[in-house]
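Written out below as C-alpha cells is the structure these notes cover.
Numbering (the working numbering), first residue to last: 85 to 207.
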C-alpha cells in the first residue's frame, strides 16, 4: 500500500477558489474528474495532485483533521517519497503564502510535517 502526502485545507469553500489556488500552486490546471470523492486532478508529469472537497478523517494522534473541510493529495507515480514530499511542500507553501487557508501538511495521515494559519479573526 502506498503512502501519500496530504494537505488538509480550511476553508474548502468556495471549491472553485480552492481549485484555482491549487492549480496556480501546481503550475498546471486541475481538471474536473468524475470520481466518488475526487473532484479535480492535475498531472505534474511525475505525480498526481487530487482535490477532495470533503473527507471523513477525524482527530487522530493529536491531529485535528476534522477542523479541515478539504483534502489535497499528492501521489508520486514512481513512489519517490522525497520527490513527492517536495511537491507537496511547494503546494503547501504556495497556499500558505495566500494567508487565506488553515493548512495541515502530513504524510500518510500519520506524520505531521507543517501547519499554517490564515490572517484575520476567523483563523
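Glycine is no exception: its CB is placed at the ideal position from the N, C-alpha and C atoms.
Nearest-angstrom Cα distance between residue 131 and residue 168?
-> For this step, residue 131 is matched to residue 47 along the chain shown. For this step, residue 168 is matched to residue 84 along the chain shown. For residue 131 and residue 168, the distance between alpha carbons rounds to 7 Å.
Exposed unless 16 or more other CB atoms sit within 10 angstroms - verdict on residue 160 | Here residue 160 is taken as the residue at index 76 of the chain shown, counted from 1. Result: buried.
Contact between the segment 186-205 and the segment 105-123: three or more CB pairs below 8 Å?
-> no
Simplified DSSP state of residue 119, which is helix, strand or coil | As a first step, residue 119 is located in the chain shown; it is residue number 35 there, counting from the start. If DSSP states are grouped into helix, strand and coil, residue 119 belongs with coil.
Answer with buried or exposed for residue 196, where buried requires no fewer than 16 other C-beta atoms within 10 angstroms of its C-beta.
-> On the chain shown, residue 196 is found 112 positions in, with the first residue counted as 1. The residue in question, residue 196, is exposed, as its Cβ has fewer than 16 Cβ neighbours within 10 Å.
Taking Cβ to Cβ, would you say residue 90 is nearer than 8 Å to residue 193?
-> For the purposes of this step, residue 90 is taken as residue 6 along the chain shown, with counting starting at 1. For the purposes of this step, residue 193 is taken as residue 109 along the chain shown, with counting starting at 1. Yes, the Cβ-Cβ distance between residue 90 and residue 193 is below 8 Å.
Excluding the five sequence neighbours on either side, which residues of its own chain have a C-beta within less than 8 Å of the C-beta of residue 203, listed in chain order?
-> Position 119 of the chain shown holds residue 203. Closer than 8 Å at the Cβ level, and outside the excluded window around residue 203, lie 183, 184.
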